[in-house]
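Read the structure below first, then the notes.
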């Protein structure tokens, strides 16, 4: 089974690549309070279908570049943000 994450697309400036922000909850070892931790992953988007704000599932694959080891497996939910088109 491959490593899977659910995250939000926060960057689409690159060609065939999206930046996905993944949130995880952790427990502080001393205070015992849960807090949110965020990490950004670069994921390969072959068709360039992802838009800002989309919720996507990314899946581990072979290294495609120095920082890109994930591919977009599916778009779980499309973004609700209205985009201006000319």
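Residue numbers (the numbering used here): 7 to 92.
For glycine and all other residues, C-beta sits at the position ideal for the given N, C-alpha and C.
Here the structure is a predicted model, which is why all the values come from computation and not from measurement.
*Should the segment 53-65 be regarded as contacting the segment 12-31, the criterion being three or more beta carbon pairs within less than 8 Å?*
yes
*Do residue 49 and residue 26 have their CB atoms nearer than 8 Å?*
Locating residue 49 in the chain shown gives position 43, counting from the first residue. Locating residue 26 in the chain shown gives position 20, counting from the first residue. Going by C-beta atoms, residue 49 is nearer than 8 Å to residue 26.
*Could you check if residue 87 is buried or exposed, using at least 16 other CB atoms within 10 Å of its CB as the buried criterion?*
The count along the chain shown starts at 1 and reaches residue 87 at position 81. Result: exposed.
*Using the beta-carbon count (16 or more within 10 Å), is residue 76 buried or exposed?*
Here residue 76 corresponds to residue number 70 of the chain shown, with the count starting at 1. That one is buried.
_DSSP three-state assignment for residue 36, whether helix, strand or coil_ = In the chain shown, counting from the first residue as 1, residue 36 sits at position 30. In this structure, residue 36 counts as coil in the three-state DSSP scheme.
*Return yes when at least one heavy atom of the ligand FMN lies under 7 Å from the C-beta of residue 67, else no.*
Ligands are entirely absent from the displayed structure, and the ligand FMN is therefore not among its contents.
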